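K.L.:
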Amino acid sequence: MLRARAELYGSIRAFFAARGVLEVDTPVLSSHATVDRHIESFEVPGGGWLQTSPEFAMKRLLCAGSGPIFQIAPAFRREESGRHHNPEFRLLEWYRPTWDHTLLMDEVEALAHHLGIARGRRFVRLSYREAFVAFAGFDPHVADLTALRAAWPQVDLGADADDRDAWLDLWMSHRVGPRLGDPDPVFLVDFPASQAALARVRPGDPPLAERFELFWRGIELANGFHELGDAQEQRRRFEADQAWRRARHRLVPPLDDNLIEALQAGLPASAGVALGVDRLLMLAQGLPELAAALSFDHPRA
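The opening residue of the sequence shown carries number 15 in this note's numbering; numbering runs sequentially from there.
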């Protein structure tokens, strides 16, 4: 497994070197953290936060004129441990100035073929709505809370009981996502605008987030965005997420003012994606759980 991981890293680096994408490093320890509603950060005693993704720092490099960049980075997320999760994991993250998310999906597929992943399989593009209609039986953009709760009479989401996105996430995690990407990998596209995170929103009825996720064999491998470059809108989203967390008595990390300042200076139109390297290795090697792809999983670290 050590050799397989080393070969995977080498193949990834060769792929990007041939395409003129620069490998970079960014800090693992930061004075700021993500305020995403569904990601819990590790706070370091004495000050600082472990990165949940190198995204914010890499965007600051883009704003400074780096051009296309990638890195294979350690990431840390609190309260994530299980068959497909480990609190410490490796992300492959890369950004393409001038591209949108549709072009980036083409490159994700090209990388997969270069790595010998899902060889001979075609990569399908499926909208969020199409996936829910096929595997949940309803349109997620119009379903009301009663419909979303109907199949989960024993589930109590507590403070999130009236949060549509919380129920949609439950459906995605347990009913829709596990049905995606077998045998052909699936790019899930056109998410609800309320799930845009750091992605642009395309106007329409309904407005849709220009975001994608890649699923293979029922497991999410990658999450990509047509990146939001509006500093004012990004601050608004960060502050809304902080308010959401504060109302639920959750840890409220400081938002990243350095990123906002960089966005104000100007982020080139870009697309970016984060891909879970450990999960990719697990699936490529036919392993039953993530721990088998790691030198030391969390209980043995």
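For every residue, glycine included, the Cβ atom is placed at its ideal position computed from N, Cα and C.
From a predicted model like this one, the values you see are computed outputs, not experimental measurements.
In three-state DSSP terms, what is E99?
P.N.:
The residue given as residue 99 occupies position 85 in the sequence shown. Going by the sequence as given, residue 99 is His instead of Glu. DSSP places H99 in strand when its eight states are reduced to three.
K.L.:
State the Cα-Cα distance for the pair F29 and D39, rounded to the nearest angstrom.
P.N.:
Numbered from 1 along the sequence shown, position 15 holds the residue referred to as residue 29. Numbered from 1 along the sequence shown, position 25 holds the residue referred to as residue 39. Looking at the two C-alpha atoms, the distance is approximately 18 Å.
K.L.:
Use the C-beta contact count for R250: other C-beta atoms within 10 angstroms, 16 or more gives buried, fewer gives exposed.
P.N.:
Here residue 250 refers to the residue found at position 236 of the sequence shown. By the neighbour-count rule (16 or more Cβ atoms within 10 Å), R250 is not buried but exposed.
K.L.:
Leaving aside the five residues before and after Q256 along the sequence, list all residues of the same chain whose C-beta is less than 6 Å from its C-beta, in chain order.
P.N.:
Along the sequence shown, one-based indexing puts residue 256 at 242. Cβ neighbours of Q256 beyond the five flanking positions: V49, V266.
K.L.:
In whole angstroms, what separates the C-alpha of Q168 from that of R264?
P.N.:
By 1-based counting over the sequence shown, the position of residue 168 is 154. By 1-based counting over the sequence shown, the position of residue 264 is 250. The alpha-carbon atoms of Q168 and R264 are separated by roughly 24 Å.
K.L.:
Report, in whole angstroms, the separation of the C-beta atoms of L194 and A145, which I expect to be a contact under 8 Å.
P.N.:
Stepping through the sequence shown from its first residue, residue 194 is reached at position 180. Stepping through the sequence shown from its first residue, residue 145 is reached at position 131. Right, their Cβ atoms sit about 7 Å apart.
K.L.:
Just tell me which of L295, L304, G300, E303 has its CA closest to the CA of A18.
P.N.:
Along the sequence shown, one-based indexing puts residue 18 at 4. Here the closest residue by C-alpha is L295.
K.L.:
Distance, Cα to Cα, H188 vs I233?
P.N.:
Position 174 of the sequence shown, counted from the first residue, corresponds to residue 188. Position 219 of the sequence shown, counted from the first residue, corresponds to residue 233. Using only the alpha carbons, I get a separation of about 11 Å.
K.L.:
Can at least three beta-carbon pairs, one atom from the region 172–186 and one from the region 211–218, be found at a separation below 8 Å?
P.N.:
In short, these stretches do not touch, since the Cβ pair count stays below three.
K.L.:
Do the CB positions of A288 and A236 come within less than 8 Å of each other?
P.N.:
The residue given as residue 288 occupies position 274 in the sequence shown. The residue given as residue 236 occupies position 222 in the sequence shown. Yes. Within cutoff.
K.L.:
Could you tell me the boundaries of the beta strand (DSSP E) in which E241 lies?
P.N.:
To locate residue 241, count along the sequence shown from 1; it is residue 227. First-last for E241: undefined, no H or E at that position.
K.L.:
Run through DSSP, which three-state label would I26 get?
P.N.:
Reading the sequence shown from its first residue, position 12 is the one you call residue 26. Note: I26 maps to helix in three-state DSSP.
K.L.:
Taking C-alpha atoms, which residue in G79, A87, G134 lies nearest to Y23?
P.N.:
Residue 23 sits at position 9 when you count from the first residue of the sequence shown. Looking at the Cα atoms, A87 is the closest of the given residues.
K.L.:
For S45, which of F70, W258, R178, A298 has the nearest alpha-carbon?
P.N.:
The count along the sequence shown starts at 1 and reaches residue 45 at position 31. The residue with the shortest Cα to Cα distance from S45 is F70.
K.L.:
Specify the secondary structure class of W185 as computed by DSSP and reduced to three states.
P.N.:
Counting from one through the sequence shown, the residue named residue 185 turns up at place 171. Helix, per DSSP.
K.L.:
Are V203 and F229 touching if we call contact CB-CB under 8 Å?
P.N.:
Position 189 of the sequence shown holds residue 203. Position 215 of the sequence shown holds residue 229. For V203 and F229, no; Cβs fall outside 8 Å.
K.L.:
Going straight from the alpha carbon of L297 to that of R231, what length do you get?
P.N.:
As a position in the sequence shown, residue 297 is number 283, starting the count at 1. As a position in the sequence shown, residue 231 is number 217, starting the count at 1. Roughly 8 Å between the two C-alpha positions.
K.L.:
Would you kindly work out how many angstroms separate the C-alpha atoms of L269 and Q278, rounded to a whole number?
P.N.:
If you number the sequence shown from 1, residue 269 lands on position 255. If you number the sequence shown from 1, residue 278 lands on position 264. Near 15 Å, if we compare the C-alpha coordinates of Q278 and L269.
K.L.:
Candidates A132, D196, T112: which alpha carbon is nearest H240's?
P.N.:
Within the sequence shown, numbered from 1, the residue matching residue 240 stands at position 226. Of the listed residues, the one whose Cα sits closest to H240 is T112.
K.L.:
Helix or strand or just coil, what does DSSP make of G134?
P.N.:
Taking the first residue of the sequence shown as position 1, residue 134 is located at position 120. Coil.
K.L.:
Within the continuous alpha helix (DSSP H) that includes F146, where are the two ends?
P.N.:
Taking the sequence shown and counting its residues from 1, one reaches residue 146 at position 132. Run containing F146: 142–149, per the alpha helix (DSSP H) assignment.
K.L.:
Measure the alpha-carbon distance for R136 versus A126 and round it to whole angstroms.
P.N.:
Within the sequence shown, residue 136 is the residue found at index 122, counting from 1. Within the sequence shown, residue 126 is the residue found at index 112, counting from 1. Between R136 and A126, the C-alpha separation is close to 11 Å.
K.L.:
Please look up how many angstroms separate the CB atoms of A213 and L242, rounded, as I've assumed it's under 8 Å.
P.N.:
For the purposes of this step, residue 213 is taken as the residue at position 199 of the sequence shown. For the purposes of this step, residue 242 is taken as the residue at position 228 of the sequence shown. Contact holds; Cβ gap of about 6 Å.
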